[in-house]
Amino acid sequence: MPYITALLNRKGGVGKSLITVNLAAVIAEIVGDDQAVAVVSIDPQATSVEHAEKVRQAGRDVPFRVVNAKSQNVDQLRKLRRAKADIIIVDTPGFMPLKGDDDDESIDPLGDGTTGDALRAILDVADDVIVPLEAEGSAFTPTKVTIERVLIPRQIPYGVVINNWDPRDGTADLERTQSLVNRRGWEVYNSTIRHYKQHTRGITNGRFCTQYESNHASTKAKQDFVSLALEHQLRRQKYAGSR
Ligand SMILES: Nc1ncnc2c1ncn2[C@@H]1O[C@H](COP(=O)(O)OP(=O)(O)OP(=O)(O)O)[C@@H](O)[C@H]1O
Ligand SMILES: [Mg+2]
1 MPYITALLNR KGGVGKSLIT VNLAAVIAEI VGDDQAVAVV SIDPQATSVE
51 HAEKVRQAGR DVPFRVVNAK SQNVDQLRKL RRAKADIIIV DTPGFMPLKG
101 DDDDESIDPL GDGTTGDALR AILDVADDVI VPLEAEGSAF TPTKVTIERV
151 LIPRQIPYGV VINNWDPRDG TADLERTQSL VNRRGWEVYN STIRHYKQHT
201 RGITNGRFCT QYESNHASTK AKQDFVSLAL EHQLRRQKYA GSR
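Following full-length UniProt numbering, the numbering of the sequence shown begins with 1 at its first residue and continues without gaps.
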């Protein structure tokens, strides 16, 4: 049975798609088997699918399977545990409300449209969830809704991954974000994904972090995903079969 990890944050643009493809690429490189890892996208924008296409168009290898599962295929999503793969990483869309319903406990924050249905189906089969959080404060309320109204009530193991922190900005934002996370008592990955231009350009350049041109910054950019992959593996050992 595959181990299914979903990337989730109600806020858009926090790095769900970037982390999906680069974590998958690093795991596939470590495992050395292009059938072991799959990326499934339930995002209508399908950024991770597009990224993989750009890599192929650039003549480079996509070392994992890519499935563009449009939001409608809810029944297919429920069968994901029967898929032939060791690890499945699921990229999801943001799900910000049109009007502020964050404090209304009677409203399901996942919403009642097809996106909400797809998200509920994935959360039913996910073994754990990675919640990307940018180290600049603005995503904190949507992240709180994601963790405290979606994940904790469903008892899904999760870990916050602080993403897109630029060391050139100093440590203040990172430390403030870490302390907010700790004060809420949220589960958090030790690995932080730093901001690198190589990551931002990865989709246009048709590269995963395992394929960046070799230089010092690229090595450091990839290293963050290697650390994340190791930590993810430890969580897999801990949580596989627990739901
Ligand atoms: N660590 C990083 N370093 C550099 N750029 C980053 C980093 N993380 C994210 N980005 C950039 O920020 C933008 C948003 O990232 P991404 O598309 O992965 O977010 P998302 O959560 O999937 O957004 P959406 O909710 O719209 O699907 C992209 O242009 C991406 O390249
Ligand atoms: Mg995305």
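Glycine is no exception: its CB is placed at the ideal position from the N, C-alpha and C atoms.
Next on the checklist: Let me check you understand the geometry: is the CB of Asp169 closer than 7 Å to at least one non-hydrogen atom of ligand 2?
Outcome noted: Along the sequence shown, one-based indexing puts residue 169 at 169. Outside the cutoff, so no.
Checklist entry - Taking three-plus beta-carbon pairs below 8 Å as touching, is the segment 73-92 in contact with the segment 217-229? => result Verdict: no, contact absent.
Checklist entry - What span of residues does the beta strand (DSSP E) with Leu80 cover, start to end? => result Residue numbering aside, residue 80 sits at position 80 when the sequence shown is read from its first letter. Here Leu80 belongs to no beta strand (DSSP E), and DSSP marks it neither H nor E.
Checklist entry - How would the residue list near ligand 4 read, in chain order, if you kept each one whose beta-carbon is closer than 5 Å to any heavy atom? => result The model depicted lacks ligand 4 and carries ligand 1 and ligand 2 instead.
Next on the checklist: Helix, strand or coil, according to DSSP, for Asn190 in the structure here?
Outcome noted: Here residue 190 refers to the residue found at position 190 when the sequence shown is read from its first residue. Three-state result, Asn190: coil.
Checklist entry - Got a sec, what are the start and stop residues for the beta strand (DSSP E) Ser41 sits in? => result Against the sequence shown, residue 41 aligns to sequence position 41. Counting along the chain, the beta strand (DSSP E) containing Ser41 begins and ends at Val37 to Ser41.
Item to check | Arg2 classed as buried or exposed, judged by whether at least 16 other C-beta atoms fall within 10 angstroms | outcome: As a working mapping, residue 2 is identified with position 2 in the sequence shown. Arg is not the amino acid found at residue 2; the sequence shown has Pro there. That one is buried.
Checklist entry - First and last residue of the alpha helix (DSSP H) that includes Asn182? => result Within the sequence shown, the letter at position 182 stands for residue 182. Boundaries of the alpha helix (DSSP H) harbouring Asn182: Ala172 to Arg184, taken from the DSSP string.
Item to check | Closer than 8 Å to chain C by CB, Ala126 | outcome: In the structure shown, chain C does not exist; there is a single protein chain.
Checklist entry - Measuring CA to CA, which of Leu8, Thr5, Lys16 and Gly12 is closest to His199? => result For this step, residue 199 is matched to residue 199 along the sequence shown. Comparing Cα-Cα distances from His199 to each of Leu8, Thr5, Lys16 and Gly12, the minimum goes to Lys16.
Item to check | Cβ separation of Asp117 and Ile156, assumed to be a contact under 8 Å, to the nearest whole Å | outcome: For this step, residue 117 is matched to residue 117 along the sequence shown. For this step, residue 156 is matched to residue 156 along the sequence shown. The pair is not a contact, with the Cβ atoms about 17 Å apart (cut-off 8 Å).
Item to check | Opposing strand residues paired with Arg65 [DSSP bridges] | outcome: Your numbering for residue 65 matches position 65 in the sequence shown. Bridge pairing for Arg65: Ala38 [DSSP].
Next on the checklist: So the candidates are Thr219, Ile87, Leu8 and Asp91; which of them puts its Cα closest to the Cα of Tyr239?
Outcome noted: The residue labelled residue 239 in the question sits at position 239 within the sequence shown. It is Ile87.
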